[in-house]
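Residue numbers (our numbering): 30 to 491. Positions of the beta carbon are idealized from the N, C-alpha and C atoms, including for glycine.
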Amino acid sequence: MNEFEATNDDFRHLDDGLPPEIQRLKDAGQLKRAIRLIEGELRAGTRPELASCLRAERARMLRTPLDFCVTREAALEQVRAEWPDFSEDDLDRLVDTRRIDWRLVGGEQRFLDNFVDSLRKYPEDVPGLACPVQDRAEQLAVLDEMREKGFAERRIRIRASIAAGEGVDVAPDTPVRCWLPLPAKCPQVCDIQLRDATPGVQVAPADAPQRTAYWETCGEREFYVDYEYTIRAPYVDLWCEAPAPAEKDARSASAPAPEVADVAEQRPHVTFTPYLRELADRLFATIPADDALGRARAAYDYVTNNVDYRFQPEYLLLDPIADSCAKSLRGDCGVFAVTFITLCRLGGVPARWQSGLYAAPDYVGPHDWAMFYVEGLGWLWADCSFGSSARRDGDEARRRFYFGNLGPWRMVANSQFMAPLTPACDTLRADPYDNQVGELIVGDRGLTFHDFTWQTTLVSMS
30 MNEFEATNDD
40 FRHLDDGLPP
50 EIQRLKDAGQ
60 LKRAIRLIEG
70 ELRAGTRPEL
80 ASCLRAERAR
90 MLRTPLDFCV
100 TREAALEQVR
110 AEWPDFSEDD
120 LDRLVDTRRI
130 DWRLVGGEQR
140 FLDNFVDSLR
150 KYPEDVPGLA
160 CPVQDRAEQL
170 AVLDEMREKG
180 FAERRIRIRA
190 SIAAGEGVDV
200 APDTPVRCWL
210 PLPAKCPQVC
220 DIQLRDATPG
230 VQVAPADAPQ
240 RTAYWETCGE
250 REFYVDYEYT
260 IRAPYVDLWC
270 EAPAPAEKDA
280 RSASAPAPEV
290 ADVAEQRPHV
300 TFTPYLRELA
310 DRLFATIPAD
320 DALGRARAAY
330 DYVTNNVDYR
340 FQPEYLLLDP
350 IADSCAKSLR
360 GDCGVFAVTF
370 ITLCRLGGVP
380 ARWQSGLYAA
390 PDYVGPHDWA
400 MFYVEGLGWL
410 WADCSFGSSA
420 RRDGDEARRR
430 FYFGNLGPWR
440 MVANSQFMAP
450 LTPACDTLRA
460 DPYDNQVGEL
470 IVGDRGLTFH
480 DFTWQTTLVS
490 MS
């Protein structure tokens, strides 16, 4: 590793901020010039306190063109293939209303390669695009099952894999390390079994904060795991006059008590900025400090009723998440969760991260959500992304459901944001904060999401 290469821990210092002359170049999209100045600063060593931030920002600038790769001309062409009358003014309108995320690269405006799919979530804004309506009948049936029985339980089996891309040279003697997520010990999951895996697998402890299967070998391009677990999703109605705790299941792991960290800042993304402090003061102004449920509900209402879903670049490229989300009112599931957690903690309500997969009968993919603690009720869940989606659909009952509850279509791998892998990864990860699809290190190079492919498949659900 050379003197310019970032480590995962360097990203804890993003909020230190760049020197102003470098920040101006970054904002103008002059990334190559900014990188040259960063490397000069690191060689000179005159501001060692900024070294971590400089290395992290250099890594971000190198990756920005990979995610923000669609030019204005290409963006217009993509939309016009389906909506011929789409104009430059229409594009600017969608940019100005924050429906489309963008960055300057080489001084030119660039967009994410999935920006069109993000637009499809808002039919009223894009009348010329096909915006299929999601069939929620099966999802709503599970929610009704939970309300009726007090829980829903599923036995789920998943096969997950990761493979180096065709452009990655993996010679027979090239060292390769791989981490793939596994179900972790948590309040709603039990009876975890590893059914099959690429030979040589090492399994992290069940309570690892980001639990994985791990390999250290040579010349391997692809790795897989096949695992099974039982998940029991309890139901609690937090909108009634006197909420009662959900029925506990002896087979599930006992939930740990809140810790000091559950009400603390965690740089750079769970930070109590002046803006967030003022927002929290407004949200909690009439709610007593000892009313944890009321304060958590106020945080949930704010996020789900005000923040709209928008696809994000890889999280390594995001500025301090909670503060940025509260100002832009845009985000994806993880951004929603971090913002809710931060507001809860500002209100003195213990809150934690959970993530892994959304594992539905017809779809399996990465997903993030949050937990919060109320004395007498214990640890509860909040899925602000699903809540915001329900608000967008005009389904208030569904929005309320995801304050306190999750359905059983989940695989929980991670209980902490920005936690180390097992064993720890000393090379910059594709995602230094979370692990939902895996990490690959080939030689001394940490592969990005553009360098590898991944797949998660539902084998069975019963």
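Are the beta-carbon atoms of residue i and residue j separated by less than 8 Å?
| i | j | result |
| --- | --- | --- |
| Pro-349 | Pro-297 | yes |
| Ser-357 | Arg-165 | no |
| Arg-240 | Leu-209 | no |
| Asp-460 | Val-197 | no |
| Gly-157 | Glu-111 | yes |
| Tyr-264 | Met-175 | yes |
| Cys-354 | Val-378 | no |
Going by DSSP, name the residue or residues bridged to residue i.
| i | result |
| --- | --- |
| Tyr-462 | According to DSSP, which records beta bridges pairwise, Tyr-462 is partnered with nothing at all. |
| Ile-191 | Phe-252 and Trp-483 |
| Asp-397 | Ser-384 |
| Gly-377 | Gly-377 is not bridged to any residue. |
| Glu-245 | Arg-206 |
| Ala-389 | Tyr-392 |
| Gly-475 | Ile-470 |
| Asp-337 | Arg-359 |
| Asn-443 | Gln-239 and Ser-384 |
| Thr-506 | Here the chain comprises residues numbered 30 to 491, so residue 506 is not present and cannot be evaluated. |
| Tyr-526 | Lying before the first or after the last residue shown, residue 526 is absent from the chain, which here runs from 30 to 491. |
| Val-232 | Ala-242 |
| Ser-489 | Arg-186 |
Roughly how many whole angstroms lie between the Cα atoms of residue i and residue j?
| i | j | result |
| --- | --- | --- |
| Leu-478 | Gly-423 | Looking at the sequence shown, residue 478 is not Leu but Phe. Those two C-alpha atoms are separated by around 35 Å. |
| Asp-473 | Thr-456 | 7 Å |
| Ser-281 | Arg-261 | The predicted position of Ser-281 is uncertain, since its pLDDT is 47 and thus under 50; no value can be drawn from it. |
| Ser-190 | Leu-148 | 29 Å |
| Ala-181 | Asp-96 | 38 Å |
| Ala-104 | Pro-390 | 33 Å |
| Ala-279 | Lys-214 | Because the pLDDT of Ala-279 is 46, which lies under 50, any placement of that residue in the model is unreliable, and the question is left without a value. |
| Ile-470 | Asn-443 | 20 Å |
| Leu-476 | Gly-194 | 9 Å |
| Thr-485 | Gln-231 | 20 Å |
| Thr-333 | Asp-44 | 26 Å |
| Met-447 | Pro-342 | 17 Å |
| Tyr-151 | Trp-131 | 18 Å |
| Ser-418 | Phe-430 | 12 Å |
| Asp-220 | Val-254 | 16 Å |
| Arg-122 | Ser-116 | 10 Å |
| Ile-185 | Leu-60 | 45 Å |
| Ala-57 | Arg-139 | 12 Å |
| Glu-294 | Glu-102 | 42 Å |
| Ala-88 | Glu-68 | 11 Å |
| Ala-388 | Arg-188 | 11 Å |
| Arg-458 | Phe-40 | 11 Å |
| Val-205 | Tyr-243 | 11 Å |
Are any of the Cβ atoms in chain C nearer than 8 Å to that of residue i?
| i | result |
| --- | --- |
| Arg-339 | Reference to chain C is not applicable here, since this structure consists of a single protein chain. |
Where in the region 249-316 do unbroken runs of the beta strand (DSSP E), each at least 3 residues long, occur, reported from the N-terminal end onward? 251-263
Is it the case that the region 382-397 contacts the region 326-337, given that we only count it when at least three CB pairs across the two stretches are under 8 Å? Flag = no, the region 326-337 and the region 382-397 do not touch.
Residue ranges of each beta strand (DSSP E) run of no fewer than 3 residues wholly in the region 405-435, ordered along the chain? 407-411
Answer yes if the region 407-427 comes into contact with the region 365-373, meaning at least three C-beta pairs across the two stretches below 8 Å, and no otherwise. yes
Taking the runs of the alpha helix (DSSP H) that are 4 residues or longer, which of them lie wholly in the region 51-90? Correct list: 60-73.
Is there contact between the region 308-315 and the region 52-69, where contact requires at least three CB pairs shorter than 8 Å? no
Residue ranges of each alpha helix (DSSP H) run of no fewer than 4 residues wholly in the region 110-134, ordered along the chain? Fully enclosed alpha helix (DSSP H) runs of no fewer than 4 residues occupy 117-125 of the region 110-134, in order along the chain.
Continuous beta strand (DSSP E) assignments of at least 3 residues falling wholly in the region 161-230: 180-193, 204-210 and 218-226
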